[in-house]
Amino acid sequence: MNNRNRGKNTSDDSLFGSQKQIDLLRMAVEDMHYLLSRKYPEKASSEFAGNRYRLKTRQIQAIRGASASQQQMLNRKSKQATAEDLKGKTIHIDGFNVLIVLESLLSGAYIFEGLDGCFRDLSGVHGTYKRVNQTLPALQLVATFFQQCGIGKLCWIFDRPVSNSGRICQLISEFAKERELQWETSLEFNPDQFLAEHGEIIISSDAWILDHCKRWFNLIRYMVDKENLNAHIIQFSLA
Numbered sequence: 002m003n004n005r006n007r008g009k010n011t012s013d014d015s016l017f018g019s020q021k022q023i024d025l026l027r028m029a030v031e032d033m034h035y036l037l038s039r040k041y042p043e044k045a046s047s048e049f050a051g052n053r054y055r056l057k058t059r060q061i062q063a064i065r066g067a068s069a070s071q072q073q074m075l076n077r078k079s080k081q082a083t084a085e086d087l088k089g090k091t092i093h094i095d096g097f098n099v100l101i102v103l104e105s106l107l108s109g110a111y112i113f114e115g116l117d118g119c120f121r122d123l124s125g126v127h128g129t130y131k132r133v134n135q136t137l138p139a140l141q142l143v144a145t146f147f148q149q150c151g152i153g154k155l156c157w158i159f160d161r162p163v164s165n166s167g168r169i170c171q172l173i174s175e176f177a178k179e180r181e182l183q184w185e186t187s188l189e190f191n192p193d194q195f196l197a198e199h200g201e202i203i204i205s206s207d208a209w210i211l212d213h214c215k216r217w218f219n220l221i222r223y224m225v226d227k228e229n230l231n232a233h234i235i236q237f238s239l240a
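Numbers 2 to 240, taken from this note's numbering, label the letters of the sequence shown in order.
In structure tokens, the structure reads:
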């Protein structure tokens, strides 16, 4: 095991750690919601809110992830599955998306609960995935969830062009085999489209996937509630 953590950036406590900054971010998300609901482009909306409240780059990244239009919120809510809906089913999971959010959460990074109720972080793959100290604990959380909900099979979908995607698939396959879990892994050139088109119920917090999938389950919400995880969560909601 290496000594890498998903963790915070050195500037994150100053950007997200005070009530003053959180209040600014919440106002910026409300502004973005207003603009997005009136069909303003996401980039222009985030730039407007960022300029208005003098936000830094990582703060703008956070409000973009947390924001959604009224139409998006209603659409996503209408397709949200419950834990009871998962029993005996084949569930497709957005591998890098879910794994990195869990790693960030377990490492004490700031996690943002958006207007749609989904949890997102500020980490990213950026062309390569590197295993961290929180990878195996994150997989164990997914294994516990898998068994608690009586899921029939869990299909992990990863982005083929990302470096080390084959290695994480191998790690997950070995993890599942040791624990006799009905898991499988797949590498796809366009995992977002694959999940939207092939998954009857998917697990992801990616906005495009949530807008285009058939049904989805909020895994991180389930884990935060069920496992009572000690995390740095900043919640956004409309006043």
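In this text, a Cβ means the ideal position worked out from N, Cα and C, and glycines have one as well.
- Counting only residues of its own chain and dropping the five nearest sequence neighbours on each side, Leu220 has a CB closer than 7 Å to the CB of Val99, Phe146, Ile204.
- Here Ala240 has Glu31 as same chain residues with Cβ atoms under 8 Å from its own Cβ, once five neighbours each way along the sequence are excluded.
- Nearest in C-alpha terms to Lys44, of all of Arg65, Ile92, Lys90, His127, is Arg65.
- Listed in chain order, the alpha helix (DSSP H) runs fully inside the segment 68-121 are 71-79, 96-107, counting runs of at least 4 residues.
- If you look at Thr186, you'll find it in the beta strand (DSSP E) that goes 184-189.
- If the five residues before and after Arg5 are omitted, its C-beta is found closer than 7 Å to the C-beta atoms of Lys131, Val133, Asn134, all from its own chain and listed in chain order.
- When rounded, the separation of the alpha-carbon atoms in Arg222 and Arg55 is 30 Å.
- Per DSSP, Cys170 has no beta-bridge partner at all.
- Counting other Cβ atoms within 10 Å of its Cβ, Thr11 stays below 16 and is therefore classed as exposed.
- Lys227 and Ala144 have their C-alpha atoms some 13 Å from each other.
- The count of Cβ pairs closer than 8 Å, one atom from the segment 101-108 and one from the segment 65-79, stays below three, leaving the stretches out of contact.
- With fewer than 16 other beta carbons inside 10 angstroms of its own, Gln194 counts as exposed.
- Of the residues Leu37, Arg161, Ala63, the one whose Cα lies closest to the Cα of Ser187 is Arg161.
- DSSP, read as helix, strand or coil, puts Leu137 in helix.
- One alpha carbon belongs to Ala29, the other to Glu175, and they sit about 44 Å apart.
- When the five nearest sequence neighbours on each side are left out, the beta carbons in the same chain lying within less than 6 Å of the beta carbon of Pro192 are those of Ile158, Asp160, in order along the chain.
- In the DSSP assignment, His233 falls within the unbroken beta strand (DSSP E) covering 233-236.
- In this structure, Leu137 keeps its C-beta atom at 8 Å or more from the C-beta atom of Ile173.
- Here Phe17 is buried. Its C-beta has 16 or more other C-beta atoms within 10 Å.
- Residue environment for Asp95: buried (at least 16 other C-beta atoms within 10 angstroms of its C-beta).
- Cβ-Cβ separation between Ile61 and Ser47: approximately 5 Å, consistent with a contact (criterion under 8 Å).
- In the displayed model, Ile202 falls within coil according to three-state DSSP, outside both helix and strand.
- Under the three-state reduction of DSSP output, Ser19 falls in the coil class, being neither helix nor strand.
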